[in-house]
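All remarks here apply to the structure that follows.
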Amino acid sequence: MTIVSLTMNLLVTSIAGATPLIYAATGELMVQRSGVVNVGIEGIMLMGAFIATVTTYFTHSPILGVFAAAFSGLILACLLAILTLKIGADQVVIGVVINLFSLGLTGTLYRILFSNKSAITHQLPMLFHSLPVMSLFTIPCVILVWWIMQHTRIGLEIKACGEQPDAADAAGINVILTRTLTLLFAGMLAGISGAYLSVGYTDTFAPAMTAGRGFIALAIVTAGRWNPWGCLAAALIFGFTDSLQFEGQALGLDSHYRSVLHTLHLYGIAGELNLTRLPYQLFLALPYVVTLLLLIGSSRKVAAPANLGRVWRRN
Amino acid sequence: MKLAADSPATLPLTPEAKAAEKYNIVKNIVRGIVPLITYPLFSILLMAITLLIFRFNPLKVMPVIWDGAFGGGDIGHINAISETIVKATPLILTGLSIVVAWRAGLFSIGGEGQLLMGALTATAISHLLKWMSSSLVIPLMIVGATAAGALWGGIAGWLRIHRNVQEVISTIMLNYVALYLVGVAVEGPLQEASKNGPYSSLLPNSLLFAHLLPISMTNGIQTRLHGGVLIAVLAVPIIALYLNFTRQGFALKLVGSNIRAANVAHYNVDAIRMRAMLLSGGLCGLAGVVQLMGVSSRLSLEFSPGWGYNAIPVALMGGLTPLGTLLSALFFGALNAGSSNAERMINTPSVIINVVQAVAVMLIVSLRAWKRRASEGNAE
């Protein structure tokens, strides 16, 4: 394999890995700027992935699947908005519970619907070098969110709700409504992000297939310092670490590992420990380790929205 | 409001205050008993509705679930109840872990990773110390697993205190890291000798917990009720005493319920949070070794079916109290044992109880928030 095609593959798989994170993180960014933490993003993604597969299975149209996933995201976000903004339950607790709810519901439905048949469906087309078509819409998505937040009155109102809800309220902004609409928009994006996993990039659903990507999206918002372009950069870093597990073999890391063992005279010990091959699970763990490292590097200095995660009530 | 209920009454009380306190105690007892009756009834109703939605006949399925949980039909009562307790055991320990962390205001979701690290460490110790007498290895395994769980919780605690990393995110990341470390171990150094599958070799019998019930008591069928159950049951009063009757427990709850008051009173908030994460992680590590030595007896990638995550609905349903968690773990243990029976006997997928669990906990959390808001509204 030539260097050029190897680099090309790495680039494309990085973008493919970053795509769901970009959708989910840009939505979450707006939610957090409005002063709400949506920890349920993982559950919304999982539900979106499942709904997309089911819809595609019955209609044979992955595009309809994506729309259905967006709608399911809207519904779950609506639930979250009612429980946290209307009733005033703790945002983190409700988010965690929504994740468990999704995990249980999709797992059960999957077992019941696809117990004796394959859940493989049509999927969205791939472009050159098998770049998923949904990846093309990530840049417009980032630009849209950046434009809304920086150059529109709506963006200003969202930020006001996150920084000074009382002042925003006094200025005539409906804080609860603004936060709710932002949550709904982000819910749709998270649903689309989930659909990407099941019909955009692959052709089937698997239980718990989001594998923590919703939480990585949360980390990306912090690491990207609540800025859409920062989030894009952070998402690409994760996409890259994600791609290493697919491209690791092509990069010849296994033989490098063995030659290092030989030069250090550790081959015997490695054989004793049953570790003569580079454990591939280390690559699988890499995105999570990188998330932690990036959070360590970025969490302390940045200023989060002043009222992030607090329950706000009109006096 | 929480503050007043938690602080020990040290001031001399007037007769009216004494009467009011008595009234409060009665009210608290009633408040404790009502959920005992309503929650299970409500969950059973929810179960029936869920079964109906998925087109199973509740009148056919629910008796099978009951048999699996409490005996009846072909299943002996003692056998079924043993199975319920066995299924509840890991949930008791992981549920207590959630209670400790969440009461300190730390929304840890790291039970799964801490449990796996505990099981991994215990397996490693048993492999390394094959030459040692098992009466020495067993305590080392238990202590090692608890320490490993505490370490995994402590990492999240350290990140929160010194790097301001939200524990909700860091604990999830640590869960996946732990899962893949287990993967490296069971396909590497800890893989069984024939190298057939991704699991470690079975622990020798001398390293397993003893069966508590003799076969003669249980219709000739060996129950899985093991000595580790006692550890879990013993942990409940210990954590209850710790939270309710020690200075450290009081400080922990204060940090969770009113961080401003804790700061004003010059509590060392960082140390209290760290302690909570260490204790919380330790309990999950303990759950890991209990499960390893009591039931699974080997480490594999499928070691935990989600005990660390299911601990959250268990603890929330138990009102984030140790006793409530014990009862709710037993309830979910019964649901687990019962639904496994239903899956075996009439092919009803046992995952269905995850839906019941999720919906139930969502409703309970919203109901509590609703009530709190209503009472705040009245106060104004």
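Chains G and V, in that order, are what the protein sequence lines are.
Residues in the first sequence are numbered consecutively from 2, following this note's numbering.
Residues in the second sequence are numbered consecutively from 172, following this note's numbering.
C-beta: ideal position from N, C-alpha, C; glycine also.
**OP:** Measuring only between beta-carbons, confirm whether Tyr268(G) sits less than 7 Å from chain V.
**Re:** no
Subject >> Contact with chain V by Thr47(G), beta-carbon distance below 7 Å >> reply: In the sequence on display, residue 47(G) carries Leu and not Thr. Chain V contact via Cβ: absent.
Original post:
Hey, would you say Val426(V) sits closer than 7 Å to Ala433(V), going by beta carbons?
Top reply: yes
Original post:
Of all Cβ atoms in chain V, is any one closer than 7 Å to the Cβ of Arg301(G)?
Top reply: yes
Original post:
What are the residues of the segment 272-298 of chain G that lie near chain V, defined by any Cβ-Cβ distance shorter than 7 Å?
Top reply: Leu274, Asn275, Leu276, Pro280, Gln282, Leu283, Leu285, Ala286, Tyr289, Val290, Thr292, Leu293, Leu296, Ile297
Subject >> Straight-line Cα distance separating Ile517(V) from Lys231(V) >> reply: 9 Å
Original post:
Are the CB atoms of Phe51(G) and Ala120(G) nearer to each other than 7 Å?
Top reply: no
Original post:
Between Glu551(V) and chain G, is there a C-beta pair that is closer than 7 Å?
Top reply: For Glu551(V), the pLDDT reaches just 48, beneath the cut-off of 50, and the residue's location in the model is therefore unreliable, leaving the point undetermined.
Original post:
Do you know offhand how far Ser341(V)'s Cα is from Ile196(V)'s?
Top reply: 40 Å
**OP:** Examine chain G for any beta-carbon lying closer than 7 Å to the beta-carbon of Trp323(V), and answer yes or no.
**Re:** no
Subject >> Among Gln246(G), Leu287(G), Ala220(G), nearest to Ala234(G) - alpha-carbon criterion >> reply: Ala220(G)
**OP:** Return the bridge partner residues of Gly554(V) from the DSSP annotation.
**Re:** The structure shown does not extend to residue 554(V), since chain V is modelled only from 172 to 551, so the question has no answer here.
Original post:
Looking only at DSSP bridge pairs, what is Ser365(V) linked to?
Top reply: DSSP lists no partner for Ser365(V).
Subject >> Contacts that Val526(V) makes with chain G (C-beta to C-beta distance below 9 Å) >> reply: Phe102, Gly105, Leu106, Gly108, Thr109, Leu110
Original post:
Between the segment 313-345 of chain V and chain G, which residues of the former have CB atoms less than 7 Å from a CB of the latter, in chain order?
Top reply: Leu330, Arg334, Asn335, Val336, Val339, Ile340, Ser341, Ile343, Met344
**OP:** Establish whether the CB of Ile238(G) and some CB of chain V are separated by less than 7 Å.
**Re:** no
Subject >> Continuous alpha helix (DSSP H) stretch holding Phe421(V): start and end >> reply: 418-428
Original post:
What number of angstroms, rounded off, separates the C-alpha of Ala540(V) from the C-alpha of Cys79(G)?
Top reply: 17 Å
Original post:
Exposed or buried, Leu374(V), counting other C-beta atoms within 10 Å across all chains shown (16 or more means buried)?
Top reply: buried
Original post:
Under a three-way DSSP split, which group does Glu187(V) fall into?
Top reply: helix
**OP:** Using a Cβ cut-off of 7 Å (strictly closer), state whether Gly359(V) contacts chain G.
**Re:** yes
Original post:
Which residue from Gly240(G), Ala70(G), Trp147(G), Gly41(G) puts its Cα closest to that of Val55(G)?
Top reply: Ala70(G)
**OP:** Compute the Euclidean distance between the alpha carbons of Ala486(V) and Ile263(V), then round it to the nearest angstrom.
**Re:** 9 Å
**OP:** Under 8 Å Cβ to Cβ from Gly489(V), same chain only, skipping five residues before and after it: list those, please.
**Re:** Gly266, Val270, Gly495, Thr496, Leu497, Leu498, Ser499, Ala500
Original post:
When the Cα atoms are used, what is the spatial distance from Thr57(G) to Val67(G)?
Top reply: 9 Å
**OP:** Quick one: which residues of the segment 81-95 of chain G get their C-beta closer than 7 Å to a C-beta of chain C? List them in chain order.
**Re:** Among the protein chains of the structure shown, namely G and V, there is no chain C.
Original post:
What does DSSP give as the partner residues of Tyr319(G) in its beta bridges?
Top reply: In the structure displayed, chain G extends from 2 to 316; residue 319(G) sits before or after that span and is not available.
Original post:
Curious, which full-length alpha helix (DSSP H) runs of at least 4 residues does the segment 290-377 of chain V contain?
Top reply: 305-334, 338-357
Subject >> Three-state secondary structure (DSSP) of His266(G) >> reply: coil
**OP:** Would you mind reading off the limits of the alpha helix (DSSP H) that contains Arg214(G)?
**Re:** 214-224
Original post:
At least one CB of chain G closer than 7 Å to the CB of Arg544(V): is that the case?
Top reply: yes
Original post:
Taking 7 Å as the CB-CB limit, is Gly243(V) close to chain G?
Top reply: no
**OP:** Determine the closest residue to Val353(V) out of Arg444(V), Ala505(V), Arg469(V), Arg446(V), with distance taken between C-alpha atoms.
**Re:** Arg469(V)
**OP:** Work out the CA separation of Gly195(G) and His123(G) for me, nearest whole Å.
**Re:** 16 Å
Subject >> Gly370(G) vs Leu77(G) beta-carbon contact at 7 Å >> reply: Residue 370(G) is absent from the structure shown; chain G starts at 2 and stops at 316.
Subject >> Whole-angstrom distance between Gly108(G) and Ala209(G), CA atom to CA atom >> reply: 8 Å
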